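Remarks on the structure that follows.
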Amino acid sequence: MTSTLPAATAREGVERATVPPFAVISGGQVQGVLQGREAEIVELVAATYRLHGVGDSVNPPSYFLRFPDRPSARIIALPASIGGPIRVDGLKWVSSFPENVAAGVPRASAVLILNDHDTGYPLACLEASIISATRTAASAALAADWLSRGRPRPTRVGFVGAGLIARYIHMFLAATGWSFDEIGAHDLSAESAAGFRGYLEQSGTAGQVRVYDSAEELIRSSDLLVFATVAAQPHVSELSWFGHDPLVLHVSLRDLAPQILLASTNVVDDIEHCLKANTSPHLVEQLTGNRDFLLGTLDDVMAGRITVPAGRPVIFSPFGLSVLDLAVGKYVYDQVASAGDLHIIDDFFHELRRHG
Ligand SMILES: NC(=O)c1ccc[n+]([C@@H]2O[C@H](COP(=O)([O-])OP(=O)(O)OC[C@H]3O[C@@H](n4cnc5c(N)ncnc54)[C@H](O)[C@@H]3O)[C@@H](O)[C@H]2O)c1
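Each number in the working numbering comes from the position in the sequence shown (counting from 1) with 1 added on.
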């Protein structure tokens, strides 16, 4: 559908800029675009990290809204701007209500607003829990690829925390060429572990699926580890569990005690972002008073500016950059628009003449 909105002047006297029509993109449409395009999305995430790495982005700190009456809940505002061929501004507004899970509702829900580069007008509101999970999983798969180069390719993957993000990360690993002899999971909730096992069995994976009662046994048995819990503070502190130098995707950011990071090679997505909000890397900085424990960013690794040494665990802690949400969201928007399937809200912007 195309817009019936009249063109309007946004910056009078400078140039005539057209107010874009405002579209709403549903979760069904988002999933329809992203499904089966995992490898392309991983490439898009890599390109976005590169743009961010050369400074062609604005990605201010996230704002955490918390509630005295609901201490486990939060809603985070993540504004950002990305340049290059993507060229869009916007905001992800993402809720985390862990108690939802007991009621059978996913923990996270989100919308993404895309703003037009030239006029600043919002041009779309997208369902963003799928976009958020997708960019998180794509970034994890990208990190697994780059950080495993130069070491034996992992064949035993273990998931600590078996929720929605674990499922997406497994899906992205499988779709980008990874196959595992063993897939293990450990979760405090037997129901979550059983649900994840059910997903794995249905996914047609050739690997042997095993649920572990203890984190220790799973960690010792896995050479690629994914942390995707909702732990608010470190619950894994025993260095000897990591004696086999696994590659760790520390997506939930607060699982590992400082001594584990201090004995490992640490790679992040963005240093300033990651050293905030009491993430495990932030705890290490508070403990040591310096950032010497960080090797650099994933973009540094991809560009060859740093090399990951062998003989130590490698830990990737991605804070989760909103430029990635923008890149994936704009990709979805462009696909839906070019298929002619945008649901335009006619008359959304109504007062378009300054003086009536
Ligand atoms: N870094 C990023 O970019 C990024 C992006 C999205 C989500 N996340 C994080 O990923 C995590 C998982 O998200 P989700 O949507 O899958 O949540 P979810 O609630 O669906 O699943 C989390 C699971 O972890 C389990 N769990 C909690 N504490 C545990 C522990 N100590 N040991 C083992 N299992 C434990 C829970 O029982 C639950 O099944 C969240 O912390 C979220 O903030 C990070």
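Just so it is clear, CB atoms sit at the ideal spot from N, CA and C, and this is done for glycine as well.
Please read these numbers as outputs of a predicted model, since none were measured by experiment.
For residue i, the three-state DSSP class (helix, strand or coil)
i: R136; result: helix
i: T10; result: Residue confidence for T10 is low, a pLDDT of 44 falling below 50, so the modelled location carries little weight; the figure read from the coordinates is stated next. Correct three-state label for T10: coil.
i: S58; result: strand
i: A81; result: strand
i: T266; result: strand
i: L353; result: coil
i: H283; result: helix
i: A311; result: coil
i: T3; result: Summary for T3: the model assigns pLDDT 39, below 50, so the residue's position carries little reliability; its value from the coordinates is reported in the next sentence. Note: T3 maps to coil in three-state DSSP.
i: A24; result: strand
i: L257; result: strand
i: H344; result: strand
i: V15; result: Residue placement at V15 is flagged as unreliable, the pLDDT there being 48, under the threshold of 50; a coordinate-derived value is accordingly withheld.
i: A338; result: helix
i: A304; result: coil
i: Q32; result: helix
i: A232; result: coil
i: A278; result: coil
i: L143; result: helix
i: S204; result: coil
i: S222; result: coil
i: G37; result: coil
i: S193; result: helix
i: G244; result: coil
i: G290; result: coil
Beta bridge counterpart(s) of residue i as assigned by DSSP
i: Q209; result: E183
i: L250; result: V227, F317
i: T298; result: V269
i: L52; result: Answer by DSSP bridge pairing: none, since L52 is not bridged.
i: V324; result: Bridge partners of V324: none, in fact.
i: V363; result: Nothing about residue 363 can be reported from this structure: the residues present for the chain run from 2 to 357 only.
i: V237; result: L257
Anticipated Cβ contact below 8 Å, residue i with residue j, distance rounded
i: L45; j: A311; result: Not really, about 30 Å apart at Cβ, beyond 8 Å.
i: P155; j: L92; result: Contact flag wrong, Cβ pair sits at about 36 Å.
i: F320; j: V268; result: About 12 Å separates the two Cβ atoms, so there is no contact after all.
i: V333; j: L35; result: 7 Å
i: I272; j: L296; result: That pair is no contact at about 10 Å.
i: A104; j: L250; result: Not confirmed; about 28 Å, so no contact.
i: S223; j: R157; result: 5 Å
i: A176; j: S204; result: 10 Å between Cβ atoms; not a contact.
i: Y169; j: T120; result: Y169 to T120, Cβ: 34 Å. No contact.
i: F173; j: E352; result: Actually they are not in contact, since the Cβ atoms of F173 and E352 sit about 44 Å apart, beyond 8 Å.
i: P99; j: R108; result: 5 Å
Any chain C beta carbon closer than 7 Å to residue i
i: R354; result: Checking the listed chains, one finds no chain C in this structure; it contains a single protein chain.
message: If contact is defined by three or more beta carbon pairs under 8 Å, each pair taking one atom from either stretch, is the segment 155-164 in contact with the segment 257-264?
response: no
- request: Please specify which runs of the alpha helix (DSSP H), each continuous and at least 4 residues long, are wholly inside the segment 146-177, giving them in chain order.
  value: 165-176
query: Of all the beta strand (DSSP E) runs that stay within the bounds of the segment 62-136, which reach a length of 3 or more residues?
result: 64-67, 75-83, 89-97, 109-116, 123-128
- prompt: Would the segment 344-352 and the segment 15-30 be scored as touching if the rule is three or more Cβ pairs under 8 Å?
  reply: yes
message: Any contact between the segment 228-242 and the segment 294-308? By contact I mean 3 or more CB pairs, one from each, below 8 Å.
response: no
- prompt: Is it true that the segment 109-118 meets the segment 266-280, where meeting means three or more beta-carbon pairs spaced less than 8 Å apart?
  reply: no
- prompt: Is the number of C-beta pairs between the segment 80-87 and the segment 56-68 that are closer than 8 Å three or more?
  reply: yes
Segment contact flag, the segment 93-103 with the segment 68-78, C-beta cutoff 8 Å, min 3 pairs: yes
- prompt: Are the segment 195-210 and the segment 120-131 touching, with three or more C-beta to C-beta distances below 8 Å?
  reply: no
Inter-stretch contact at 8 Å, needing at least 3 Cβ pairs: the segment 172-184 / the segment 207-218: yes
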